[in-house]
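Accompanying notes for the structure given below.
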Amino acid sequence: MQKPVICEYCQKPIPSRKELITTKKLLNVHPYHEQCYSRELKGRKSFLLDNYPINGFSGNLVVFFSILLTVIMAFYLEPFQTAIVGILALVTLFYRFYSYLTYEKLLPKTRPPLT
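Set out below in structure tokens:
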């Protein structure tokens, strides 16, 4: 049996990927229910909390644009500057993969039927 993914806020298991929101707090990735995230974290800004979901469409869009920006900037910047932009793009890619492998891969896409 796989270890359940537990919401950081309410400490209850998250049943499916559809209900999972992962965020970055300091250097750690934390899972939340969609309801817990929208009720408690959405709209808050702080030094430790980035306050945007890593998973889902918005997280994929951030990774895509950061890599696209790196490729475009490679034509305009010096190699050292391009390397710095590329490292920042790799950080966003790393967090996305980490979120997927640690939390999303363990959950079914939809809620399992009640029996």
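Mapping to the UniProt record's numbering: the sequence shown position 110 is 110, numbers consecutive. In this text, a Cβ means the ideal position worked out from N, Cα and C, and glycines have one as well.
Looking at residue j and residue i, is the spacing between their C-beta atoms short of 9 Å?
i       : j      : result
Tyr-100 : Asn-55 : yes
Asn-60  : Arg-96 : yes
Tyr-67  : Ala-89 : One point to set straight first is that residue 67 is Ile, not Tyr, in the sequence displayed. Cβ atoms of Ile-67 and Ala-89: closer than 9 Å.
Ile-6   : Pro-13 : yes
Leu-106 : Pro-15 : no
His-33  : Thr-23 : no
Pro-53  : Tyr-76 : no
Gln-35  : Glu-19 : yes
Asn-51  : Leu-41 : yes
For the alpha helix (DSSP H) holding residue i, just list the boundary residues, first then last.
i       : result
Tyr-100 : 79 to 102
Leu-106 : It is not in any alpha helix (DSSP H) - Leu-106 carries neither H nor E in the DSSP assignment.
State the start and end residues of the unbroken beta strand (DSSP E) segment that holds residue i.
i      : result
Ile-21 : 20 to 25
So, helix, strand or coil for residue i, using DSSP?
i      : result
Ile-6  : strand
Tyr-32 : strand
Phe-75 : coil
Tyr-37 : helix
Asn-51 : coil
Between residue i and residue j, how many whole angstroms is the CB-CB distance? I'm expecting something under 8 Å.
i      : j      : result
Leu-26 : Val-63 : The Cβ separation is near 20 Å, so there is no contact.
Val-85 : Thr-70 : 5 Å
According to DSSP, residue i sits in a beta bridge with which residue or residues?
i           : result
residue 203 : Because the chain in this structure spans residues 1 to 115, residue 203 falls outside the shown range and cannot be described.
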